[in-house]
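Undergrad: For reference, the structure I am asking about is given below.
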Amino acid sequence: MVVQKSISFRTSGRGSHEITSDVNQLVSASGITQGICNLFVLHTSASLMVCENADPDVRRDLETVMQRLAPDGDPAYIHTTEGPDDMAAHARTVLTDSSLSLPVQQGRCILGTWQGIYLWEHRTHPQQRKLMVTIYGE
Amino acid sequence: MVVQKSISFRTSGRGSHEITSDVNQLVSASGITQGICNLFVLHTSASLMVCENADPDVRRDLETVMQRLAPDGDPAYIHTTEGPDDMAAHARTVLTDSSLSLPVQQGRCILGTWQGIYLWEHRTHPQQRKLMVTIYGE
Amino acid sequence: MVVQKSISFRTSGRGSHEITSDVNQLVSASGITQGICNLFVLHTSASLMVCENADPDVRRDLETVMQRLAPDGDPAYIHTTEGPDDMAAHARTVLTDSSLSLPVQQGRCILGTWQGIYLWEHRTHPQQRKLMVTIYGE
Chain A
7 MVVQKSISFR TSGRGSHEIT SDVNQLVSAS GITQGICNLF VLHTSASLMV CENADPDVRR
67 DLETVMQRLA PDGDPAYIHT TEGPDDMAAH ARTVLTDSSL SLPVQQGRCI LGTWQGIYLW
127 EHRTHPQQRK LMVTIYGE
Chain B
7 MVVQKSISFR TSGRGSHEIT SDVNQLVSAS GITQGICNLF VLHTSASLMV CENADPDVRR
67 DLETVMQRLA PDGDPAYIHT TEGPDDMAAH ARTVLTDSSL SLPVQQGRCI LGTWQGIYLW
127 EHRTHPQQRK LMVTIYGE
Chain C
7 MVVQKSISFR TSGRGSHEIT SDVNQLVSAS GITQGICNLF VLHTSASLMV CENADPDVRR
67 DLETVMQRLA PDGDPAYIHT TEGPDDMAAH ARTVLTDSSL SLPVQQGRCI LGTWQGIYLW
127 EHRTHPQQRK LMVTIYGE
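Protein chains in written order, with my numbering: chain A, 7 to 144; chain B, 7 to 144; chain C, 7 to 144.
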């Protein structure tokens, strides 16, 4: 059994946004109780992350780490069409995940106590982001 | 057909620990001969990796690389509650994988000659780590 | 329903090579119209990536980013058996993806307008690379 739905979010610019309850609503509505929930972002400047959900400073520090690994406005970048955050956003996406497969049990994603599912916007300005959610199992 | 089992490991502190045979035992016991085996770590300071399994120096060098990308005790970190390795461990997890989907054929994971599956502990002290293993197919 | 096929590519040395149409041909031939297509690279010095497919400079800049994160010939590396790109290639693989799960709808992978699927060779010399493609669904 396979259920597929798309889901859209308006981001508020760079930063990570928790989507755990949005995903679990789709899993619950699918009628699938045991299996896998696959999330896929249909963009190359936003990604998915499983992250600590208790202290928001963790996600602030992740921005610091990412700013070092793929700095905005790096003079070495050739692809600068859409501004200083353009290429940085592609690199951040490649260093994290476009696709995420989560176990489903009793009609919801199984997560650890401190885990949340996040959509991570890497562009500095707000964007419309679409995810494909594929739930399969029994 | 979906078979789901959890599996726990006591890590010995930071470093990667091969779990290929543990995973293959679960795959074999599931009775599923062809499909996918999904692994998911229920923690935000440990991750999964497919890595070269012949020379342990590869995994030592990966620690060196990670120590540069997400240094312990970085003065820029705000989240320092549990010590200098706390935020570094979250960042290492985000840069690697919480979820891994491996092809299954003839009742075991298909891996290249030099590939092993590893649980990667990013905290410096030993921890109890739980994985959810979901095997599905025919 | 599960269909599994292997597919091989001769790379031309370091760099990323688009495989979207090769993957979609296998999906179409599988007869599965809705589900998931999992790709898995059977090597530890090559990886998979979903990336911007319009401007090749994006992928050139990604090489620049990767060269900083995991430099060739880093004097800190212990594993140097096969030359200066050996350990760098393992690190690049671990920082990106060995496994990728893509949603399938109407007999092809659902991708965003600017997304392509790439095989990323991290060794400087050409290599033979094998992928396992597992398509499952209805």
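All residues carry an ideal CB built from backbone N, CA and C; glycine is no exception.
Could you tell me the boundaries of the beta strand (DSSP E) in which proline 74 of chain C lies?
TA: The sequence shown places arginine at residue 74 of chain C, rather than the proline named in the question. First-last for arginine 74 of chain C: 63-75, but that is the alpha helix (DSSP H), not the beta strand (DSSP E).
Undergrad: List the residues of chain B that isoleucine 25 of chain A touches, going by C-beta distances under 7 Å, in chain order.
TA: Within 7 Å Cβ-Cβ: nothing; isoleucine 25 of chain A doesn't reach chain B, min ~15 Å.
Undergrad: Output the distance between the C-alpha atoms of glutamate 69 of chain B and alanine 76 of chain C, rounded to the nearest integer angstrom.
TA: 12 Å
Undergrad: Give the interface partners of isoleucine 84 of chain C over in chain B, defined as CB-CB distance under 8 Å, in chain order.
TA: Asp63, Arg66, Asp67
Undergrad: Who are the neighbours of cysteine 43 of chain A on chain B, taking C-beta pairs under 9 Å?
TA: Within chain B, no residue comes near cysteine 43 of chain A; the closest Cβ sits about 10 Å away, beyond 9 Å.
Undergrad: Let me know if glycine 118 of chain B comes out buried or exposed under the rule of 16 or more other beta-carbons within 10 Å of its beta-carbon.
TA: buried
Undergrad: Can a CB atom of chain B be found closer than 8 Å to the CB of glutamine 121 of chain A?
TA: Judged by the 8 Å Cβ criterion, glutamine 121 of chain A is in contact with chain B.
Undergrad: Give a yes or no on whether 8 Å exceeds the smallest Cβ distance from methionine 55 of chain B to chain A.
TA: no
Undergrad: When you compare only the Cα positions, how much space is there between glutamine 121 of chain A and alanine 95 of chain B?
TA: 14 Å
Undergrad: With 7 Å as the C-beta to C-beta threshold (strictly closer), list the residues of the stretch 80-114 of chain C near chain A in chain order.
TA: Legend: CB atoms of the stretch 80-114 of chain C lying less than 7 Å from CB atoms of chain A belong to residues Leu101, Thr102, Leu106, Ser107, Leu108, Pro109, Gln111.
Undergrad: Within 10 angstroms of the Cβ of glutamate 127 of chain B, are there 16 or more other Cβ atoms? Answer buried if so, exposed if not.
TA: buried
Undergrad: Mind checking glutamine 31 of chain C: buried by the 16 CB within 10 Å criterion, or exposed?
TA: exposed
Undergrad: Of all the options C:Met72, C:Lys11, C:Cys43, which has the alpha carbon lying nearest to the alpha carbon of arginine 20 of chain C?
TA: C:Met72
Undergrad: Checking contacts by CB at 8 Å: is valine 47 of chain A closer than that to chain B?
TA: no
Undergrad: By the 10 Å Cβ neighbour count, where 16 or more other Cβ atoms means buried, how is threonine 17 of chain C classified, buried or exposed?
TA: buried
Undergrad: Indicate whether valine 139 of chain A and isoleucine 38 of chain A have their beta-carbon atoms separated by less than 8 Å.
TA: no
Undergrad: Determine whether the Cβ of alanine 35 of chain C lies closer than 8 Å to any Cβ atom of chain B.
TA: no
Undergrad: Listing by chain order, which chain C residues have their CB less than 7 Å from the CB of leucine 75 of chain A?
TA: Leu75
Undergrad: Using DSSP with H/G/I as helix, E/B as strand and the rest coil, what is threonine 39 of chain A?
TA: coil
Undergrad: Quick one: what does DSSP say threonine 50 of chain C is sitting in, helix, strand or coil?
TA: Threonine 50 of chain C carries a coil assignment under DSSP once its states are collapsed to helix, strand and coil.
Undergrad: Contact defined as beta carbons within less than 8 Å: I believe aspartate 67 of chain B pairs with isoleucine 84 of chain C. What is the distance between those atoms, to the nearest angstrom?
TA: 6 Å
Undergrad: Check for me: the alpha helix (DSSP H) holding leucine 108 of chain B runs from which residue to which?
TA: From DSSP, leucine 108 of chain B is part of no alpha helix (DSSP H) but of the beta strand (DSSP E) over 105-111.
Undergrad: Taking isoleucine 116 of chain A as the query, report the chain B residues whose CB atoms sit under 8 Å from its CB, ordered along the chain.
TA: Phe46, Leu48, Met138
Undergrad: Need the endpoints of the beta strand (DSSP E) that threonine 140 of chain A sits in, please.
TA: Note, threonine 140 of chain A: beta strand (DSSP E), 134-143.
Undergrad: Distance check for serine 107 of chain B and phenylalanine 46 of chain C, CA to CA, integer angstroms please.
TA: Each residue's alpha carbon lies about 8 Å from the other.
Undergrad: Provide the residue span of the beta strand (DSSP E) that contains arginine 16 of chain B, from first to last.
TA: 8-16
Undergrad: So, using beta-carbon positions, are glutamine 40 of chain A and proline 109 of chain C closer together than 8 Å?
TA: no
Undergrad: Tell me the residue span of the beta strand (DSSP E) that contains histidine 23 of chain C.
TA: Membership of histidine 23 of chain C in the beta strand (DSSP E) is indicated by the continuous run 21-24.
Undergrad: Quick check: is the beta carbon of threonine 17 of chain B nearer than 8 Å to any beta carbon in chain C?
TA: no
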